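Oh and the sequence shown: position 190 is 190 in the UniProt record's numbering, straight run, nothing missing. Positions of the beta carbon are idealized from the N, C-alpha and C atoms, including for glycine. Remember, it's a predicted structure, so these values are computed and weren't measured experimentally. Notes follow once the structure below has been shown.
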Amino acid sequence: MSDAQGSPSTFNFGIRRLILVDSAGFCYVEIPVGNHSLILGPGNLGKSSLLNSLRLFLLPENNFKNSRKKFAFRNASAGSFYTNEESYQHYFPDRFSFLIMEAENPAGVHCQILYRDNASQLSYGRAFVPVSYDQLRPFFWDVDDEDGIGRAVPELSFSRLADALKKLSKATRFVNDPAKLKTMLYSSELMNADVVRYSVLPLGESDERRVQSLRTLILLLFEMKADDQAMANAVASIIEADKKFADDAFDFNIDDFLNRHEQLKQQQVQLNRVEKERPRFEKLNGEYLAYQNLLRSQHDFAAFRDGMFSALKDIGSQRKHAAEAYSEQNDALRYLQQTLKQLNQDADSLKGEIRSAERRIKQAEQNQKDGELLASQYGDFTLQEIEDIQKEEFDRKKNHLAALKSAAQAEIRLEQIQNARRKLEQKLDRLNERESNQQWQLQNQLDEATAAPLRAVDPRMMMASPGQALDAGSKDTIEAFARLFAPNDRGFDWFDAEYPAQPARPEDFARQRQGIEGEINGLDKERRELADTNDREQDRPRLIERTEKEIRAIEKDLETLVRYPLAATTLRDATEEKQAAEEQLAKLEEQAGLEQSKQGTVQQKAARLKADKERIEERERELVGLSRSVGTVEHRFPHLKAVQVEQPLAIEAVSVAVFDDLQTQLDSLETGRRNILDNLRQFVYQGIHEDSDGELQKDSPAMSVIRETFKNLSDLFAGMTERWQVLQEQVAVHNETVASYRQALKSNHEHIARFEDQLNRELKGVRINDLVEIRVQIHTDPKFRNLVEEANNINPYGNELQSDAFYDRLRVFVADFFGEQGGSTRLTMDAVITGISYSTRKEHAATLDKKGQSTSTTALINLELVYRLLKRVLYPGVTLSFPMVLDEMASVDISQMPSLLERLGKQGFNLFSAATHSASSELIYLIGRHLEVGQMRTARPYSSQRTLVFWGGAEGFTNGEPLSYWADQTQNSLLEPADE
1 MSDAQGSPST
11 FNFGIRRLIL
21 VDSAGFCYVE
31 IPVGNHSLIL
41 GPGNLGKSSL
51 LNSLRLFLLP
61 ENNFKNSRKK
71 FAFRNASAGS
81 FYTNEESYQH
91 YFPDRFSFLI
101 MEAENPAGVH
111 CQILYRDNAS
121 QLSYGRAFVP
131 VSYDQLRPFF
141 WDVDDEDGIG
151 RAVPELSFSR
161 LADALKKLSK
171 ATRFVNDPAK
181 LKTMLYSSEL
191 MNADVVRYSV
201 LPLGESDERR
211 VQSLRTLILL
221 LFEMKADDQA
231 MANAVASIIE
241 ADKKFADDAF
251 DFNIDDFLNR
261 HEQLKQQQVQ
271 LNRVEKERPR
281 FEKLNGEYLA
291 YQNLLRSQHD
301 FAAFRDGMFS
311 ALKDIGSQRK
321 HAAEAYSEQN
331 DALRYLQQTL
341 KQLNQDADSL
351 KGEIRSAERR
361 IKQAEQNQKD
371 GELLASQYGD
381 FTLQEIEDIQ
391 KEEFDRKKNH
401 LAALKSAAQA
411 EIRLEQIQNA
421 RRKLEQKLDR
431 LNERESNQQW
441 QLQNQLDEAT
451 AAPLRAVDPR
461 MMMASPGQAL
471 DAGSKDTIEA
481 FARLFAPNDR
491 GFDWFDAEYP
501 AQPARPEDFA
511 RQRQGIEGEI
521 NGLDKERREL
531 ADTNDREQDR
541 PRLIERTEKE
551 IRAIEKDLET
561 LVRYPLAATT
571 LRDATEEKQA
581 AEEQLAKLEE
591 QAGLEQSKQG
601 TVQQKAARLK
611 ADKERIEERE
621 RELVGLSRSV
631 GTVEHRFPHL
641 KAVQVEQPLA
651 IEAVSVAVFD
661 DLQTQLDSLE
671 TGRRNILDNL
681 RQFVYQGIHE
691 DSDGELQKDS
701 PAMSVIRETF
711 KNLSDLFAGM
721 TERWQVLQEQ
731 VAVHNETVAS
741 YRQALKSNHE
751 HIARFEDQLN
761 RELKGVRIND
771 LVEIRVQIHT
781 DPKFRNLVEE
791 ANNINPYGNE
801 LQSDAFYDRL
811 RVFVADFFGE
821 QGGSTRLTMD
831 AVITGISYST
841 RKEHAATLDK
851 KGQSTSTTAL
861 INLELVYRLL
871 KRVLYPGVTL
881 SFPMVLDEMA
891 SVDISQMPSL
901 LERLGKQGFN
911 LFSAATHSAS
921 SELIYLIGRH
931 LEVGQMRTAR
941 PYSSQRTLVF
951 WGGAEGFTNG
961 EPLSYWADQT
971 QNSLLEPADE
């Protein structure tokens with residue numbers, strides 16, 4: 001970095017312009033920063049926000065998380081710092097918010113554009129484009145409006161802007177990665193235009209120490225009135241960056257140092273504790289060897305257990321097969337029993353059918369006998385004729401009985417008798433007529449093939465006489481009708497009805513005449529009897545009783561007539577049924593005999609299978625009992641569950657006696673196990689062995705745990721000699737660390753003193769106002785100096801630990817030095833350097849004055865110091881044109897302004913300050929350029945909350961001549977007071 005007034009340099013780095021779009025309370029503001037300038041405006045307008053926005057461009061960040069540490073945006077009115085959200089929403093309140101910085105370097109002019117990034121919370125993106133802002137202005141602000149103030153660009157969006165930037169230049173870059181930003185912003189490869197294209201502050205070296213130092217100085221540039229602690233932090237950062245090697249950084253982690261000593265001390269105590277317990281281990285070793293000899297019983301038990309399980313599985317399979325075989329045979333037996341039972345039931349049923357058939361045969365024979373007897377009384381009369389006679393007689397007897405019981409009925413009956421006698425006489429006349437015409441009866445005019453089926457339907461059909469010969473049509477009709485009947489072996493079928501055949505016989509007119517005459521005589525007899533009864537009342541009961549008997553006799557005869565026609569069929573059917581049942585019964589009895597023989601064989605086999613099943617079940621119960629006993633043993637000794645064997649005990653060898661012998665051995669083994677566990681636990685209690693998982697404290701630790709613990713103890717006692725040797729070596733190494741830390745404390749203490757001397761040599765001859773000599777004092781914490789002296793008094797060489805007194809004093813130092821800070825106890829340069837102070841001497845004064853200077857003088861001294869610190873981190877030979885932020889310029893002593901401005905110009909800084917309208921005209925005149933940022937508002941902003949506009953350049957004075965303007969003359973008429 002060269003003085004601006006020094007020899008010409010081609011390596012010029014400068015910031016030319018700052019633009020805010022819809023940000024920090026402004027709608028659009030465009031500020032030139034290439035010369036000294038003063039921003040004027042009402043209070044609380046956002047002027048400080050304009051100045052502070054430069055931090056966002058110069059620091060390699062991409063979000064506002066932890067913004068207090070990154071940017072240190074201070075709320076002066078509240079005496080605190082703005083929160084992350086407050087800072088983010090102030091600069092990026094909307095999607096139209098953009099911040100642009102125009103800069104130049106040896107590669108040319110470029111613009112850096114910051115935009116709101118919604119990809120993550122509190123984040124912002126960054127675009128670099130190698131063009132001047134004049135080419136970009138139309139994307140952000142439309143200057144061509146009727147008022148000359150300008151208006152928002154309605155189509156402004158990041159996506160549109162990104163497309164336009166890519167079209168402007170292929171070298172456009174969109175970068176969010178902080179590591180990449182560091183490379184771009186701080187590149188010093190001046191001979192490579194592509195690499196240095198977007199650099200703003202070229203570092204002399206690109207290591208992280210230089211970057212952190214530059215970060216500290218950048219924040220300090222915005223706080224030139226900072227207290228001595230801020231300056232101390234900057235000096236501490238530069239001192240560390242100024243070291244030749246990064247490994248020389250002062251970073252003494254005292255906690256690690258103390259912890260290492262404590263570790264070594266504990267190791268020594270532990271080794272002594274182990275040696276003290278060696279006799280106990282020798283005793284344990286003997287018990288363990290005896291215990292090993294008994295361990296075989298565990299494997300024998302596991303073999304027995306596995307053999308028992310195999311036996312259980314095998315016996316279960318046998319029981320299943322035996323049960324299946326017995327069940328199958330038993331099912332066969334039950335099937336035979338059920339078959340025999342069914343055969344017996346079927347036989348009983350057939351016997352019942354036979355008895356029923358015999359009863360029906362007997363009844364049919366009686367009905368046939370009674371019917372034949374009754375029919376014989378009527379000669380050649382048909383059954384139907386006999387039935388009709390009986391029914392007529394029945395009706396007559398019923399009427400006669402009614403007449404005997406009632407005089408009125410007697411009168412009615414006498415009249416009926418008279419009518420009936422008259423009809424019988426008429427019937428007798430018709431009979432005589434039919435007898436005379438019997439030659440024309442149908443049975444005499446039709447052949448037998450036609451007459452037979454019609455006679456089967458009703459014999460009277462063939463006895464009917466038309467009184468003359470049949471005409472051909474009638475005869476054909478009758479014969480066609482007869483052909484509809486199908487003959488069978490018993491008669492004829494009329495569709496699904498059957499009619500039995502009837503014999504052909506001549507009509508007996510004499511018998512019919514005799515019957516009619518007999519009816520007439522019967523009526524005459526009844527009439528006389530009714531007439532006589534009216535004269536002899538004493539005979540009436542006798543006559544009634546006789547009539548009732550006669551009615552009952554007729555009813556019985558009618559029943560006989562009903563049963564008689566079916567008697568032969570019933571007798572035949574019943575006889576056939578009886579014969580079939582007897583034949584089937586004989587077959588059933590023969591089959592039952594065979595089944596009875598099979599049942600005996602199956603019963604014998606089922607009994608044998610049942611015995612086998614019971615024997616297997618008895619063995620299974622024995623094995624189940626052993627299984628419960630094994631479970632009890634495993635419950636007592638849980639570690640046995642984990643014991644595995646390759647070959648289980650043979651199934652036939654599994655017995656109660658073998659188990660009892662094993663149980664005795666296991667009891668003896670467990671006694672030895674408990675003794676060993678007691679000793680092992682004692683080693684745990686004494687801190688010799690670490691049982692981190694608590695396995696040894698369980699009721700029954702696994703054998704692997706006991707074995708592993710004993711092995712560890714064996715290895716421990718066997719390796720004690722080597723452990724002592726390793727401890728001595730570690731102590732020697734730690735003592736070497738003590739020596740290195742002692743040297744680090746001493747060398748850093750001396751380095752601070754040398755750095756102070758270098759700064760004072762550089763400040764020799766520097767004059768500020770009436771000060772002709774200025775000296776810097778870097779103050780270190782007195783406790784640190786005491787620690788350095790304490791470290792010089794120890795002897796760090798040897799194989800013995802340092803005395804506890806040294807470490808106790810180190811702990812006291814930690815408690816005093818870090819007590820109020822809490823957390824980390826790393827002794828670093830910024831913790832050691834506690835402040836910066838200045839000693840000054842005025843002209844004609846003989847001694848240096850240590851009292852404080854005015855705020856403005858202190859700021860000038862700070863500026864000089866920052867300038868020289870900045871030279872240490874930047875690339876040699878570069879020229880800066882860089883804004884120097886000094887907020888609230890009106891607080892600076894006006895008499896110091898000329899020298900301040902001259903000094904800033906020589907050092908490559910342009911004053912970038914802000915003040916209210918209360919600033920004196922003399923101050924404005926001395927600075928030379930001012931910008932009125934609070935007087936114009938647009939009617940068409942991006943957001944109604946932000947309408948302030950400023951662009952077009954600054955106003956100022958040149959060579960003492962007033963009213964020379966740099967501003968765009970089209971805006972002069974628009975400068976009206978803003979409505980605040």
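Whole-angstrom C-beta distance between residue j and residue i, which should lie under 8 Å
i, j, result
"W440", "P466", "6 Å"
"Q663", "V705", "24 Å between Cβ atoms; not a contact."
"L122", "L56", "So it is not a contact: roughly 13 Å between Cβ atoms."
"R723", "L217", "53 Å between Cβ atoms; not a contact."
"V235", "I778", "6 Å"
"A592", "L373", "The Cβ separation is near 46 Å, so there is no contact."
"Y115", "F81", "About 24 Å separates the two Cβ atoms, so there is no contact after all."
For residue i, the three-state DSSP class (helix, strand or coil)
i, result
"Y124", "strand"
"G522", "helix"
"residue 982", "The question about residue 982 has no answer here: the residues shown for the chain are numbered 1 through 980."
"F637", "coil"
"P648", "coil"
"L136", "coil"
"G515", "helix"
"N437", "coil"
"K556", "helix"
"H917", "coil"
"I238", "helix"
Segment limits, alpha helix (DSSP H) that includes residue i
i, result
"A403", "L383 to K405"
"E690", "Here E690 belongs to no alpha helix (DSSP H), and DSSP marks it neither H nor E."
"A164", "F158 to L168"
"N12", "Unbroken run through N12 is the beta strand (DSSP E), N12 to S23; no alpha helix (DSSP H)."
"I927", "S921 to I927"
"N84", "N84 to Y91"
"T216", "E208 to L221"
"D667", "V656 to Y685"
"A179", "P178 to L185"
"I768", "Premise fails: I768 is in no alpha helix (DSSP H) and is neither H nor E."
"L904", "M897 to Q907"
"V196", "A193 to V196"
"L716", "M703 to A718"
Continuous beta strand (DSSP E) stretch holding residue i: start and end
i, result
"D307", "The residue asked about is misnamed: residue 307 is Gly in this sequence, not Asp. Run containing G307: none in the beta strand (DSSP E); it sits in the alpha helix (DSSP H), R296 to S376."
"P883", "T879 to L886"
"V776", "L771 to T780"
Buried/exposed call for residue i, threshold 16 Cβ in 10 Å
i, result
"N44", "exposed"
"K851", "exposed"
"D429", "exposed"
"D699", "exposed"
"V949", "buried"
"E102", "buried"
"N862", "buried"
"V562", "exposed"
"Q468", "exposed"
"S668", "exposed"
Check: residue i C-beta below 7 Å from any heavy atom of the ligand ATP
i, result
"T570", "Because no ligand of any kind appears in the structure shown, any question about the ligand ATP cannot be addressed here."
| task | Could you tell me which uninterrupted alpha helix (DSSP H) segments, each at least 4 residues in length, are contained entirely in the stretch 445 to 493, listed from first to last along the chain? | result | Entirely contained in the stretch 445 to 493, the alpha helix (DSSP H) runs reaching 4 residues are, in chain order, 448 to 457, 460 to 463 and 472 to 483.
| said: Quick check on the DSSP output: what are the complete alpha helix (DSSP H) runs of length 4 or more inside the stretch 23 to 86, in order along the chain? | reply: Counting whole runs of 4 or more residues, the stretch 23 to 86 contains the alpha helix (DSSP H) stretches 47 to 52, 54 to 58 and 67 to 70.
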